[in-house]
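Trainee:
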Amino acid sequence: MPSLPKDFRLGFATASYQIEGAVAEDGRGPSIWDVFCHLEPTRTKGANGDVACDHYHRLEEDLDLLKRYGSDMYRFSISWSRVIPLGGRDDPVNEAGIAFYDRVIDGCLKRGITPWVTLYHWDLPQALHERYGGWLDVEESQKDFERYAKLCYERFGDRVKHWITLNEPWIVSIFGYATGGNAPGRSSINPQSTEGDTSTEPWIVGKALIMSHARAVAAYNQDFRASQQGQIGISLNGDYYEPWDSSDPRDSEAAERRMQFHIGWFANPIFLGQDYPKCMRDQLKDRLPQFTAEELKLLRSAESDFYGMNYYTSQFARHKSTPALDTDYIGNLDELQTNKAGDPVGLESGLHWLRSCPDLFRKHLTRVYRLYAKPIIITENGCPCPGEDKMTREESVQDEYRIKYFEDHLDAIGRSVGEDGSVIEGYFAWSLMDNLEWSDGYGPRPIAASRRWASSARPIPGSVQSPMARILITGSADGLGLEAARQLVKRNHTVYLHARNAQRAAEAKEKCPGAAGAFVADLTLVSETKRLAEEVNAVGTLDAIIHNAGLMAGPFRKTPDTGIPAQTAVNVLAPYILTCLLTPPKRLIYIASQLHAEADTNVKDIFWLERGESQFQDFPAYCDSKLHVMLLANAVARRFKNTSVMSVHPGWVATKLGGQDGPDKLEDGVDTYVMLAEGDYDQSLTGKYFEPKRKLAEPTPQCGEIELQERVVGACQSLVGLKLPQI
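Quick note: to get the working numbering, add 903 to the position in the sequence shown (first position is 1).
#1: Please list, in chain order, all residues of the same chain as Q1586 whose beta carbon is under 6 angstroms from its beta carbon, the five residues on each side excluded.
#2: Quick one: grab the DSSP three-state call for A918.
#3: Going by C-alpha distance, which of R1305, G1321, Y1272 is nearest C1286?
#4: Find out if the Cβ-Cβ distance for the pair G1344, T947 is shorter than 9 angstroms.
#5: Using DSSP with H/G/I as helix, E/B as strand and the rest coil, what is L1239?
#6: Within a Cβ cutoff of 6 angstroms, which residues of the same chain sit near T1377, ignoring the five residues on either side of it in sequence?
#7: My guess is that V1630 and R1542 are in contact by the Cβ rule of under 8 angstroms, so how many angstroms apart are they, rounded?
#8: Counting only the same chain and skipping the five closest in sequence on each side, list residues whose C-beta sits under 8 angstroms from that of W1600.
#9: Compute the distance between the beta-carbons of N1440 and T1486, then report whether it is under 9 angstroms.
#10: In chain order, what residues of the same chain have a beta carbon less than 7 angstroms from the beta carbon of M1578, not counting five sequence neighbours either side?
#11: When DSSP labels each residue in this structure, what does K1461 get in the three-state scheme?
#12: Taking the beta carbon of D929 as the centre, do at least 16 other beta carbons fall within 10 Å, making it buried, or is it exposed?
#13: Would you mind working out which of Y1004, Q1520, M976, S1155 sits nearest G914, comparing C-alpha positions?
#14: Of all the beta strand (DSSP E) runs that stay within the bounds of the region 1473 to 1502, which reach a length of 3 or more residues?
#15: By a C-beta neighbour count over all protein chains shown, 10 Å radius and 16 as the cutoff for buried, is S1637 buried or exposed?
#16: Tell me which residues share the same chain as Y1101 and place their Cβ nearer than 6 angstroms to its Cβ, disregarding the 5 neighbours each side in the sequence.
#17: Please check the pair C1055 and L1031, which I expect to be a contact at CB under 8 angstroms, by giving their CB distance rounded to whole angstroms.
#18: Exposed or buried, Q1045, counting other C-beta atoms within 10 Å across all chains shown (16 or more means buried)?
#19: So the candidates are S1207, G1624, S974, E1104; which of them puts its Cα closest to the Cα of S1430?
#20: Between G991 and the rest of its own chain, which residues show a CB-CB distance below 6 angstroms, the 5 nearest in sequence each way excluded?
#21: What residue from S1496, F1219, E943, I1107 has the CA that sits closest to T1097's CA?
#22: Output the distance between the C-alpha atoms of F979 and G1443, rounded to the nearest integer angstrom.
#23: Considering only C-alpha positions, which residue in the set P1604, M1549, E923, G1211 is nearest to L1268?
#24: Look up M1162 in the DSSP assignment and say whether it is helix, strand or coil.
#25: On the three-state DSSP scale, how would you describe E1145?
#26: Taking one C-beta from the region 1237 to 1247 and one from the region 1141 to 1156 each time, how about it: are there three or more such pairs within less than 8 angstroms?
#27: Nearest to T1603 by alpha carbon, out of A1244, P988, E1501?
#28: Taking the continuous alpha helix (DSSP H) assigned at L1634, which residues delimit it?
#29: Just tell me which of L1569, K1626, A1387 has its CA closest to the CA of I1480.
#30: Apart from the five residues on each side of it in sequence, which residues of its chain come closer than 8 angstroms, Cβ to Cβ, to F1164?
#31: Thinking just about the alpha-carbon of each residue, which of D957, Q1406, E1298, N1085 is nearest to the one in S934?
#32: Looking at C-beta atoms only, is the number of pairs between the region 1055 to 1065 and the region 959 to 966 that lie closer than 8 angstroms three or more?
#33: Going by CA-CA distance only, name the one from S1252, D1311, S1319 that's closest to V1292.
#34: Report yes or no: do the region 1380 to 1397 and the region 1414 to 1423 share at least 3 C-beta pairs separated by less than 8 angstroms?
#35: Leaving out the 5 sequence neighbours to the left and right, which residues in its chain are closer than 6 angstroms to N1070 when beta-carbon positions are compared?
#36: How is C1055 classed by DSSP in three states: helix, strand or coil?
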């Protein structure tokens, strides 16, 4: 699998109406979705968002899930009617609603998760729909949206640095005002709709959304960017289309036209400051609203920072020879899942319209980046497994299909970046949990994590048990460290190696060709250990660090800078220095040994500065160093509140430095390393000790003594002048 960018981040996404519940609590006003679900329940299969996932009451539990899943980011939306119940620019603010989102944001930051906030994910305040028709009034709606956006920047922008103005304006316009399948359910072709005009209203709404985005971005750029230093963009949905008959230029034109009706409708004005695509003007004529000179000026000045891409599937496009109907909104063509030769566009999923098409996803990414020249964030991607709606909860979390879907689509991202030159900076899986799937009710699950009912516990599906991680393993030129690195690379993680010199680093890279790189540093030297920390920090925050480097048998080998034994420098002092200087990861693992039980429990003269070389004995010194590093790990666990800190005895195995007589199996220790690196355990645990075969074990009681822990910390601090931080 191609490597993803070094700063690439992974997260999960949700939407307020789909998960929050508490629709009439703490001053929230109704949205168009509340009315849509209750007015004619058959339109949503009898479902509504009154309770949904009960996220409003289970916030802490859900944020803990994010932390447990190893999420770097969390994308959620603010309910407009929860913070301004009546929605308008002169209407009162609901402080209880503000307080709820304060808790969401602060809870993310407390857990080391970056919040990404979507301002509008389809739940327009019902009061605005009744007052002036909502998005059908282009002028009024954009003024009210601007005030709402400014309120959010003012109240949350000191902590939120990533904003998304609108989620999928195409869906809002077409499903809400053409087909009537979504709120507010306006359509002239849907028998369940009693009002609306499919031929005109979606295009009016589209312009209202485009200008609302522009005003929100302009307000941020003018009044908030300098002080808050954030970024802002929009999330656009859109499939990729191939011609049904690749030899027919009319089908090729139809495929391009479909993408212009889907994506260019919004992306051309927003990212290029241009009018709508020509093919839309040609078909829709005066039904497509014009932009004034002032509006185009605003669009060109309201520059976004990124393109948020919501992608699920691809299709084939076949041209039509008959004229377009006034109610057509896709470009006068047929959409199909098989081409002229009968080849399917991709593998079937649990939804009839969603096929897994990673190769076409790559084409889509590359096309969008080349057209609009903005960094791409995948703001939604996911799928339901085939037959999942008939599975038990226990069966559904064994989601091999979804795992493969994610792997293939992340691979497509890597290829678009590495081979096509696209800039893609992050990925949000849809969704954090089962939720109200709009007009489909509580049915299909295009999701990553699975929790069907608000009253149930949140099980963890396989697709989120091992999210792609960025991992450093010190001492990974051979033995346990190298084999663990190789296994983690095979599992599509980004792994950085380390060796004590350039020759060993080159050999390690040959043995582990998929590694992201190999750092060189002699950990017996303080200066080189500090330089290693600088170089590692330069590649960005890691998900896991395994302090695997260690020395066992050998002479005193006095280090030239500190005068301590090389064994103690590598086993204890180097992990201390790196822990002080490296950006804390989510998971921090220290190599220990069962032999810590043979150590001198006085924990004095840790660095042999009093006893000196004449009294040095390598085996007792090794046992002491392993007790000392476990004491260090537990001291770190007490200080690093957002990091899961573990000690691990990987077994006595045959290694170059440890000898060839080890009775334990290499694979058992490697398996434990992989588990800890991936976070495939309860990450609320910290300060614990593992043995081979993933066994949670009990160390000697001395490891838990705070006085002894602080002796180790104090000795290290005195020797190198670095203080262990409290985080």
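Just so it is clear, CB atoms sit at the ideal spot from N, CA and C, and this is done for glycine as well.
Mentor: Reading from the atomic positions:
#1: R971, S1547
#2: coil
#3: R1305
#4: Less than 9 angstroms separates the beta-carbon of G1344 from that of T947.
#5: strand
#6: H1401, H1450, N1451, A1452
#7: Position check: residue 1630 holds Ile in this sequence, whereas Val was assumed. Sure, about 6 angstroms apart at Cβ, within 8 angstroms.
#8: The displayed chain sequence assigns Ala, not Trp, to residue 1600. Closer than 8 angstroms at Cβ, skipping near neighbours: H1552, Y1592, F1593, E1594.
#9: yes
#10: Y1584, R1597
#11: Three-state DSSP puts K1461 in a strand.
#12: Taking all protein chains in view, the Cβ of D929 is surrounded by fewer than 16 other Cβ atoms within 10 Å, so the residue is classified as exposed.
#13: M976
#14: Taking only runs of at least 3 residues, the beta strand (DSSP E) segments lying wholly in the region 1473 to 1502 are 1490 to 1494.
#15: Any property of residue 1637 remains undetermined from this structure, which presents the chain solely from 904 to 1630.
#16: The residue you asked about is not Tyr; residue 1101 is Thr in the sequence shown. Result list for T1101: A1081, S1090, S1091, I1092, T1230, in chain order.
#17: Their Cβ separation, rounded to whole angstroms, is 16 angstroms, which puts C1055 and L1031 out of contact at 8 angstroms.
#18: buried
#19: G1624
#20: D1047
#21: E943
#22: 24 angstroms
#23: G1211
#24: helix
#25: strand
#26: yes
#27: E1501
#28: Outside the shown range of the chain, which is 904 to 1630, sits residue 1634, and nothing can be said about it.
#29: K1626
#30: P1180, C1182, M1183, Y1232, I1233, G1234
#31: N1085
#32: no
#33: Note on residue identity: the sequence assigns Asp, not Val, to residue 1292. The option with the nearest alpha carbon to D1292 is S1252.
#34: yes
#35: So the qualifying residues of the chain are T1021, H1024, S1138.
#36: helix
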